[in-house]
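Below you'll find the structure, written out as structure tokens, and then a few comments.
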Amino acid sequence: MEIQVKDISKIYGTKESQVAALAHASMTICEGDFISIMGPSGSGKSTLLHIISGLDRPTSGSVLYGDTDIHSGKDQELSAFRRQKIGFIFQQFNLLPVLTARENIMMPLLLDKKKVDADYLQELSEFLGLKNRLSHLPHELSGGQQQRVAIARALIAKPDIIFADEPTGNLDSRSGGEVMKMLCSIREKMNKTLVVITHDSCIAKMADRRFTIIDGELSEVSAS
Ligand code: ADP
Ligand code: MG
């Protein structure tokens, strides 16, 4: 499914405390694209990714998945759409601390009262090196393991598109490298669209299409 981001702006706050986080951002994400978005801290990267993935609403502009404008519907519809179509990976993992790794991974399906495909869960946890960690709580896992649990959670509902917001930002370079390698090979093997935010130019260069964002202005870096 093609995603069209059309003239998105985001203003936080009101009156004197207004912050223009994003100005007239547009991009088209094609099926199977591997896109990186790079920019300094505070430039609007997370804001953009949250709006494209439906975690937040734009002040103006639209985001179309195929023919569907995801921001024209109700919050409930948007949440359901997100759980079924989109995998999101956060810098801070965002695992629920009282749930085991297995329960965290299954969460998106439980919320939709869907059955877990046990073979697929097995395949994912083997691929991500989590097979012997599924009954552990997040605090019993290393940062790299926690992020791999978060990747499994992002994939469990078999979404076509994965968004990752600085997925290696909280990891040392070795486990960060592992996480990126896994994301890249998952994308290839499972035919996913992948959009990664980073401020690491090495990671940005792994992508087929690169964008930069500076002071809320998004632009595509042409291949050289
Ligand atoms: P990045 O991810 O590139 O570091 P963000 O998208 O998080 O940047 O933030 C862009 C700008 O918007 C920053 O100036 C930030 O302070 C501001 N901002 C982000 N979220 C909020 C919010 N909820 N309320 C007010 N300002 C915000
Ligand atoms: Mg951010």
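Okay, so the sequence shown: first residue is 517 according to our numbering, each after it adds one. Every residue, glycine too, gets a C-beta built ideally from N, C-alpha and C.
Take the Cβ of residue i as the centre, count every other Cβ of all protein chains shown within 10 Å, and call the residue buried at 16 or more, exposed below.
i, result
"Y581", "buried"
"E518", "exposed"
"P654", "buried"
"V579", "buried"
"N648", "exposed"
Do the CB positions of residue i and residue j come within less than 9 Å of each other?
i, j, result
"I677", "K630", "no"
"I545", "I567", "no"
"G685", "T714", "yes"
"S542", "G570", "no"
"D681", "D549", "no"
"L745", "A668", "Any property of residue 745 remains undetermined from this structure, which presents the chain solely from 517 to 740."
"A673", "R618", "no"
"Q663", "V695", "yes"
Assuming residue i contacts residue j (C-beta within less than 8 Å), just tell me the rounded distance between them.
i, j, result
"L646", "Q661", "7 Å"
"L611", "V665", "6 Å"
"I553", "K561", "6 Å"
"T563", "K531", "The pair is not a contact, with the Cβ atoms about 20 Å apart (cut-off 8 Å)."
Quick one, which of the options has its alpha-carbon nearest residue i's?
i, options, result
"G659", "R690, A539, N648 and E593", "R690"
"M622", "L657, F606, F604 and L671", "L671"
"R573", "S557, T728, D591 and S559", "D591"
Going residue by residue through the stretch 595-655, where are the continuous alpha helix (DSSP H) segments of at least 4 residues, counting only ones entirely within it?
Whole alpha helix (DSSP H) segments, 4+ residues: 617-627 and 634-643.
Suppose only complete runs of 3+ residues qualify. What are the beta strand (DSSP E) ranges in the stretch 548-593, listed by chain order?
Counting only unbroken stretches of 3 or more residues, the beta strand (DSSP E) elements lying wholly within the stretch 548-593 are 550-554 and 576-581, in sequence order.
As an exercise, report each continuous alpha helix (DSSP H) stretch of at least 4 residues that is fully enclosed by the stretch 653-726, in chain order.
DSSP runs (the alpha helix (DSSP H)) wholly in the stretch 653-726: 659-671, 689-706 and 717-722.
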